[in-house]
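Report on the structure given below.
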Amino acid sequence: MNKKQAIILGATGAAGQNIVEFTAVHPWFEIACLSGSERSHNKSYREATSAAAFFREEPPGEIMGMKVVGADHVDPRDYDVAFSALPSEIAKIQEAKFGKHIPVISTAAAYRYEEDTPVLLPDVNPTHIEMIEGQRKKRGWNGYIVPGPNCTTIGLVTSLKPLLDTYRVDTVSMVSMQSLSGAGEKGLRADSEYRLNAVKNVIPLIEGEEGKVVKETNKILGNMFESKLVDASINIHATCTRVDVEIVHTEAVHLGLGKAASIDDIRKTLNGYRSEAQLLKLPSVAEQPIIVVEEADGPQPKKHGDYPKMVTLVGRLRENPIFRNGVSYVLTSDNLEKGA
């Protein structure tokens, strides 16, 4: 199989470095270009990231030695696919430039809320791919833009999907405890004022995050009807906080189901969930996307890495008497593996 030639947009930032790290070992893609700001143009990737390198495992030497190219110096038609980690305000312009010609897979929020654009999570809503053809026709593009969800939304919608399909979900209240890496460079740089303030602390506000969780959850859990997406109508309340944890988001979830179910049945539903992504055996998805942990004090960010990659872990599964047919649980999700 010939590998697809990929360009990484925003390759020098924290999220871009994460994409480079994963794409470098992906069996379907070859990194053909690393694109960054004009400030990084013509520098080696090693030099461009030296002041703020956040790799969990540094990419191979040939990748680190590649020259970074400013986005205005590249022709999208030279590549098969673009992976974008651009800031949203820049993504609004640059992703459209590339999307006219080739597929753009993005971590940015710039196009998430456009009516013709799916927010895609293969474990949850693969049928939303249908929206791509409509986007192409509407915009007159050969390519398309498909953003992924906010990193906080990912664990939540993954855990809700099998419950929604089996029992219906009416109401959700969620409190997130988000890791520093989810804040990008300001959360990772040792000398960042934001990071220093977070040490041994909880920051009870992440600007704009709660609204994203509500919008994206209902969009991702919506259904296709005559090639149009109809959002889900779950009542959702979210409180998003930043905590002094390096990697992995934790969420305490409380919900009301449309019909009663035993905790044992819910455990089986979560553990047994599979999507089309698992049936297709895609290389980047977990064989079992949700694992209900047995430890009484699990899941924990520190122990998340003991489990297979790309999974959502669920624990502390119990009845919640506050909600009608109420259930509570705690989940963890690696925000770098599955979110940036």
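Using numbering that gives the first Met the number 0, you'd call the opening residue of the sequence shown number 0 and step up by one each time. Glycine residues also receive a C-beta, built at the ideal position from the N, C-alpha and C atoms. Predicted, not measured: the structure shown is a model, and the values here were computed from it.
The alpha helix (DSSP H) spanning Ile-219 covers which residue range?
In this chain, the alpha helix (DSSP H) harbouring Ile-219 covers 208 to 219.
Only counting the same chain, and skipping five residues up and downstream in sequence, which positions put a Cβ closer than 8 Å to that of Leu-120?
Scanning its chain for C-beta atoms nearer than 8 Å, with the 5 sequence neighbours on each side dropped, one finds around Leu-120 the residues Gly-147, Pro-148, Ile-153, Val-156, Thr-157, Ile-219, in chain order.
Strand pairing of His-253, partner residues [DSSP]
DSSP, once it has assigned bridges, lists Ser-172, Ser-327 as partnering His-253.
Closest residue to Ala-276 among Thr-268, Asn-270, Leu-269, Ala-285 (Cα-Cα distance)
The residue with the shortest Cα to Cα distance from Ala-276 is Ala-285.
Stretch pair the region 171 to 183 + the region 117 to 134: three plus CB contacts closer than 8 Å
Taking one beta carbon from each stretch, the region 171 to 183 and the region 117 to 134 have fewer than 3 pairs nearer than 8 Å; the two do not touch.
Quick one: which unbroken alpha helix (DSSP H) runs of 4-plus residues sit fully inside the region 271 to 304? Chain order, please.
Listed in chain order, the complete alpha helix (DSSP H) runs (minimum 4 residues) inside the region 271 to 304 are 275 to 278.
Using 10 angstroms around the beta-carbon of Ile-366, count the other beta-carbons present and answer buried if the total reaches 16, otherwise exposed.
Only positions 0 to 339 of the chain appear in the structure, and residue 366 is not among them; the question remains open.
To the nearest whole angstrom, what separates the beta carbons of Tyr-328 and Gly-314, a pair I think is in contact under 8 Å?
Between Gly-314 and Tyr-328 the Cβ distance is about 7 Å, and since that is below 8 Å, they are a contact.
According to the Cβ coordinates, are Leu-256 and Asn-319 closer than 7 Å?
No, Cβ-Cβ distance for Leu-256 and Asn-319 is not below 7 Å.
Can you list, in chain order, the residues of its chain with a C-beta nearer than 8 Å to that of Ala-52? Leave out the 5 residues immediately preceding and following it.
Non-local beta-carbon contacts of Ala-52 in its own chain, meaning distances under 8 Å to residues more than five positions away in sequence, involve Gln-16 in chain order.
Alpha carbons only, please: which of Thr-331, Cys-150, Gly-297 is nearest the one belonging to Gly-181?
For the options Thr-331, Cys-150, Gly-297, the alpha carbon positioned closest to that of Gly-181 is the one of Cys-150.
Would you say Glu-29 and Gln-4 are within 7 Å of each other, going by their C-beta atoms?
Taking 7 Å as the Cβ cut-off, Glu-29 and Gln-4 qualify as a contacting pair.
Contact under 7 Å by Cβ, Arg-194 with Gly-186:
In this structure, Arg-194 places its C-beta atom within 7 Å of the C-beta atom of Gly-186.
Closer than 8 Å by C-beta to Asn-217: which residues in its own chain qualify, once you throw out the five before and the five after it? Chain order, please.
Within the same chain, Asp-230, Ala-231, Ser-232, Ile-233, Ile-235 come within 8 Å of Asn-217 by CB-CB distance, once the 5 residues on both sides are set aside.
Who are the Cβ neighbours of Ala-13 in its own chain at under 7 Å, not counting the five residues just before and after it?
So the list reads Phe-53, Gly-183, Glu-184, Leu-187, once near-sequence residues are dropped.
Please give me, in chain order, every unbroken run of the beta strand (DSSP E) with length at least 3 that falls completely inside the region 41 to 95.
The region 41 to 95 contains, as complete beta strand (DSSP E) runs of 3+ residues, the segments 67 to 69, 80 to 83 (chain order).
Please report the Cβ distance between Pro-300 and Ser-178, rounded to the nearest whole angstrom; I am assuming they are in contact, meaning their Cβ atoms lie under 8 Å.
Yes, they are in contact, since the Cβ atoms of Pro-300 and Ser-178 sit about 7 Å apart, within 8 Å.
Decide yes or no for the touch test of the region 62 to 74 against the region 104 to 121: beta carbon pairs closer than 8 Å, at least 3 of them.
The region 62 to 74, when compared against the region 104 to 121, does not touch it at the 8 Å Cβ threshold.
Locate the alpha helix (DSSP H) running through Arg-135, then write down its first and last residues.
Per DSSP, the unbroken alpha helix (DSSP H) holding Arg-135 starts and ends at 130 to 138.
Determine the contact status of Glu-37 and Gly-9, defining contact as a CB-CB distance below 7 Å.
No, the pair does not count as a contact, with Cβ atoms beyond the cut-off.
Glu-29 - containing alpha helix (DSSP H), residue span:
Not the alpha helix (DSSP H): Glu-29 falls in the beta strand (DSSP E), residues 28 to 35.
Do you know how far the Cα of Gln-287 is from the Cα of Arg-167?
In a straight line, the C-alpha of Arg-167 is about 21 Å away from that of Gln-287.
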